[in-house]
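**Student:**
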Amino acid sequence: MIPFNRPYLTGLEFARMTEAHAAGQLSGNGQFTRQCEAMISGLTRSPHTLLTHSCTAALEMAALLADIGPGDEVIMPSYTFTSTATAFVLRGAVPVFVDIRADTLNIDETLIESAITARTRAIVAVHYAGVACDMGAIARIAQAHGLLLIEDAAQALMSSFESRPLGSIGQLGCLSFHETKNIMCGEGGALLINDPRFVERAEMLRDKGTNRSRFIRGDVDKYTWCDIGSSYGPGELVAAFLAPQLEAAQRITQQRLDLWHAYHEVFAPYERAGRLRRPVVPAWATHNAHMYYMLLPRAVDRALVIQRMREGGASPVFHYVPLHSSLAGRRFGRAHGDLPLTDDLSARLLRMPLWIGVDVAAVATIFAAALAEAERGS
Ligand SMILES: *Cc1c(COP(=O)(O)O)cnc(C)c1O
19 MIPFNRPYLT GLEFARMTEA HAAGQLSGNG QFTRQCEAMI SGLTRSPHTL LTHSCTAALE
79 MAALLADIGP GDEVIMPSYT FTSTATAFVL RGAVPVFVDI RADTLNIDET LIESAITART
139 RAIVAVHYAG VACDMGAIAR IAQAHGLLLI EDAAQALMSS FESRPLGSIG QLGCLSFHET
199 KNIMCGEGGA LLINDPRFVE RAEMLRDKGT NRSRFIRGDV DKYTWCDIGS SYGPGELVAA
259 FLAPQLEAAQ RITQQRLDLW HAYHEVFAPY ERAGRLRRPV VPAWATHNAH MYYMLLPRAV
319 DRALVIQRMR EGGASPVFHY VPLHSSLAGR RFGRAHGDLP LTDDLSARLL RMPLWIGVDV
379 AAVATIFAAA LAEAERGS
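Just so we're aligned, residue 19 is where the sequence shown starts under my numbering, counting upward by one.
Now the structure itself:
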């Protein structure tokens, strides 16, 4: 069976974890955490990085830093992972769901302005599949209306918009190192702080409301409770695991891109024949091959393609249930008008297994048989 995902190892992860133990500090904010933060700042050209235990944690920190409160509105796509919304709903805010573009499946920037109200505080740009939103247009809107721009760059480390690394463009950017992401440590994340006014408060929010970071740097001679906060940092074992993955980020990205292009080539004739649509990468974007997805025609039964592929020995998946039609999304959020593209495209999307070592030709053969059968059935 070809699994949907197989977490990649550089081979150095466990030796680094042993080193972390030998160094005598396994709690957070030690040498491996700082090493990872420096590498992430190097890769993203973001001036301040704080490692977190997940992208969800980084998004929650962003919501706290933005001082989002009850009744505030936050504009975001409906076609995204739940954390994009839950981070703000935890603060009592209302996610306002905007439809997506047909090409990239990212938020449609031309619909954002009409979704802004007196209660709007922030826009969350989610870079789906590691392919950039139109950050030029979105940043202009945020600036014109005095809104905070937060990037959910969970899928987008090593991707860029007009040569600017994703996560470094909004005031705050959030990365994920979940095992399904390109660079991973099981569960992990980072907050990229591109506006220096947030740095000191972010350190305290991560560290239980204390100024312990300043104490570690020697800025103060004792640390104390200064602000609200939580425990958003990873332990050193996790950071030690992540470090060699970050060191190998260029190579991992290139290897994934090779696989992505192999899929793209195999599926080109299908697209020419109108049997599926391949992913679109706008000229402004360079991407990290996070995902290879396709859109099936409306008439093809996606569940049957998945079932036949599984029987044939490969595991494709689909996602997301759009947030505006989910149980909690209807309770806590609001759709900005109808979201026809979100409804349509999310029902037709299929993701191929993409991990270093996957046999693209074998998946393509299994897919060919499954698609042909689903086409006959429809
Ligand atoms: C994976 C993902 C998240 C959540 O990341 P975690 O590290 O698992 O918390 C959030 N948003 C998007 C778009 C994601 O793909």
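A virtual CB, placed ideally from N, CA and C, is assigned to each residue, including glycine.
Do Ala387 and Arg326 have their C-beta atoms within less than 8 Å of each other?
**Tutor:** Their beta carbons are under 8 Å apart, which means Ala387 touches Arg326 by this criterion.
**Student:** Since Val398 sits in a beta bridge, which residues does DSSP pair it with?
**Tutor:** Nothing about residue 398 can be reported from this structure: the residues present for the chain run from 19 to 396 only.
**Student:** Are Ile187 and Leu165 touching if we call contact CB-CB under 8 Å?
**Tutor:** no
**Student:** Evaluate Pro95 with the Cβ neighbour count: other Cβ atoms within 10 Å of its Cβ, from every protein chain shown; 16 or more gives buried, anything less gives exposed.
**Tutor:** By the 10 Å Cβ count, Pro95 comes out buried.
**Student:** Do Phe99 and Ala257 have their C-beta atoms within less than 8 Å of each other?
**Tutor:** no
**Student:** Do you know offhand how far Thr138's Cα is from Ala382's?
**Tutor:** 45 Å
**Student:** Look up Asp237 in the DSSP assignment and say whether it is helix, strand or coil.
**Tutor:** Three-state DSSP puts Asp237 in coil, outside helix and strand.
**Student:** Confirm the yes/no value for this check: CB of Arg163, any heavy atom of ligand 1, distance under 7 Å.
**Tutor:** Note that residue 163 is His in the sequence shown here, rather than Arg. No, ligand 1 has no heavy atom inside 7 Å of this Cβ.
**Student:** Between Asn200 and Arg232, what straight-line distance do the alpha-carbon atoms span, to the nearest angstrom?
**Tutor:** 32 Å
**Student:** Can you check DSSP and say which residues form a bridge with Phe115?
**Tutor:** DSSP lists Met94, Ala353 as partners of Phe115.
**Student:** Output needed for Gln53: all residues of its chain with C-beta closer than 7 Å, excluding positions within five of it in sequence on either side, in chain order.
**Tutor:** Ala261
**Student:** Could you check if Asp152 is buried or exposed, using at least 16 other CB atoms within 10 Å of its CB as the buried criterion?
**Tutor:** buried
**Student:** May I ask you to check if the CB of Gln189 is nearer than 7 Å to at least one heavy atom of ligand 1?
**Tutor:** no
**Student:** Terminal residues of the continuous alpha helix (DSSP H) containing Ile159?
**Tutor:** 153 to 162
**Student:** Indicate whether Asn306 and Ser101 have their beta-carbon atoms separated by less than 8 Å.
**Tutor:** Against a cut-off of 8 Å, the Cβ pair of Ser101 and Asn306 comes out as no contact.
**Student:** Given Glu131, which residues of its chain have a CB within under 7 Å of its CB, disregarding the five upstream and five downstream residues?
**Tutor:** Ile159
**Student:** Go ahead and label Trp278 buried or exposed: buried means 16 or more other beta carbons lie within 10 angstroms of its beta carbon, across all protein chains shown.
**Tutor:** buried
**Student:** Return yes when the C-beta of Gly207 is under 7 Å from any heavy atom of ligand 1, and no when it is not.
**Tutor:** yes
**Student:** Assign Ala346 to buried or exposed, taking buried as 16 or more other Cβ atoms, counted over all protein chains shown, within 10 Å of its Cβ.
**Tutor:** exposed
**Student:** Is the CB-CB distance between Leu61 and Pro252 below 8 Å?
**Tutor:** No, Cβ-Cβ distance for Leu61 and Pro252 is not below 8 Å.
**Student:** In terms of residues, what are the limits of the alpha helix (DSSP H) holding Val318?
**Tutor:** Here Val318 belongs to no alpha helix (DSSP H), and DSSP marks it neither H nor E.
**Student:** For the beta strand (DSSP E) that Met309 lies in, which residues bound it at each end?
**Tutor:** Per DSSP, Met309 belongs to no beta strand (DSSP E) and is neither H nor E.
**Student:** Which same chain residues end up closer than 6 Å to Glu127 when comparing Cβ atoms and leaving out the 5 residues on each side of it in sequence?
**Tutor:** Asp152, Ala155, Ile156
**Student:** Contact between the segment 190 to 197 and the segment 58 to 75: three or more CB pairs below 8 Å?
**Tutor:** yes
**Student:** Which of helix, strand or coil does DSSP assign to Trp278?
**Tutor:** helix
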